[in-house]
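To start, the structure under review is shown below, and the notes come after it.
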Ligand code: SAH
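Numbering (my numbering), first residue to last: 239 to 465.
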């Protein structure tokens, strides 16, 4: 991909992106570090060409395999929450785990804002697509794993923050155990049609839960990985 394709034209241009940023501001996103990264990240490269003209609408869109790229507002909200609550090392949350890489859009927003990003996806072609997208954007602090993310990434734990982009019926115990002391887990929880976005903070052996919003994510599938 050349610089012109990355910059975008027409419906993927800078002006169109700016309208998305205004909308995020109107809907209550306040953290300018998040807004700046979202402004400079070309969401259109994460989509198939037939959908790229809709890349800067504030909606979830299909990415194949029955999955979706998350809605920009939700990406912004989750990222803002993570930055507000995760412990920092040298100014940034140090080690962050993401479950549900999808096409890598949320990973691209997180990558510049954290020390190291670890991301887990269970569908191989999506993981490969995400790897290509992030490499095009020259984001190099990301490690990828093809696996069932319900189990977290035990070899790399503990994490200052864990962000989950697919909804389990209840919070996986493994993820709680892989949080560093003071760390936070941001996760949609519930049945397919009604989920709540939870912020769970670890304080020693206790966990404090706060409900942030009603949301709708694809389900977190446990078990077999799709190769
Ligand atoms: N954050 C992504 C959106 C992902 S949609 C983006 O910005 O594009 C949710 C993703 O979670 C899907 O790609 C789905 O395959 C993945 N997923 C579902 N269950 C999973 C599991 N148990 N482990 C890892 N990934 C899972």
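Think of the CB as a built atom: it goes at the ideal place given N, C-alpha and C, for glycine as much as any other residue.
message = Going by DSSP in three states, residue 350 sits in which element: helix, strand or coil?
response = In the three-state reduction of the DSSP assignment, residue 350 falls in the helix class.
message = What does DSSP give as the partner residue(s) for residue 425 in the beta ladder?
response = BP columns for residue 425 point to 436.
request  = Leaving aside the five residues before and after residue 198 along the sequence, list all residues of the same chain whose C-beta is less than 8 Å from its C-beta, in chain order.
outcome  = Because the chain here runs from 239 to 465, residue 198 falls outside it and cannot be looked at.
ask   = Does the segment 424-433 come close enough to the segment 374-394 that 3 or more CB-CB pairs lie under 8 Å?
value = With a cut-off of 8 Å, the segment 424-433 and the segment 374-394 do not count as touching, because too few Cβ pairs lie within range.
inquiry  = For residue 289, which residues in the same chain have their Cβ closer than 6 Å to its Cβ, ignoring the five residues on either side in sequence?
reply    = If we look at residue 289 and ignore the five residues flanking it on each side, its Cβ neighbours are 299.
request  = Go ahead and label residue 307 buried or exposed: buried means 16 or more other beta carbons lie within 10 angstroms of its beta carbon, across all protein chains shown.
outcome  = So residue 307 ends up on the buried side.
ask   = Run through DSSP, which three-state label would residue 361 get?
value = Three-state DSSP puts residue 361 in a strand.
key: Pairwise C-alpha distance: residue 348 and residue 301   = Rounded to the nearest angstrom, the gap between the Cα atoms of residue 301 and residue 348 is 19 Å.
inquiry  = Run through the DSSP bridge pairs and tell me what residue 525 is partnered with.
reply    = The chain is shown only over 239 to 465; residue 525 falls outside these bounds and no answer can be derived.
ask   = Taking the alpha carbon of residue 363 as the point to measure from, which residue in 395, 354, 297, 341 has its own alpha carbon closest?
value = Of the residues 395, 354, 297, 341, the one whose Cα lies closest to the Cα of residue 363 is 341.
query = Which value, in whole angstroms, describes the spacing of the CA atoms of residue 282 and residue 371?
reply = Each residue's Cα considered, the two are about 11 Å apart.
ask   = residue 284 by DSSP, collapsed to three states: which one?
value = Correct three-state label for residue 284: helix.
request  = Could you tell me how far apart the beta carbons of residue 318 and residue 274 are, in whole angstroms, since I believe they sit closer than 8 Å?
outcome  = Between residue 274 and residue 318 the Cβ distance is about 12 Å, and since that is not below 8 Å, they are no contact.
query = Taking the DSSP output, what are the residues bridged to residue 441?
reply = Among the bridge pairs identified by DSSP, residue 441 is matched with 444.
request  = Can you check DSSP and say which residues form a bridge with residue 457?
outcome  = Beta-bridge partners assigned by DSSP to residue 457: 405.
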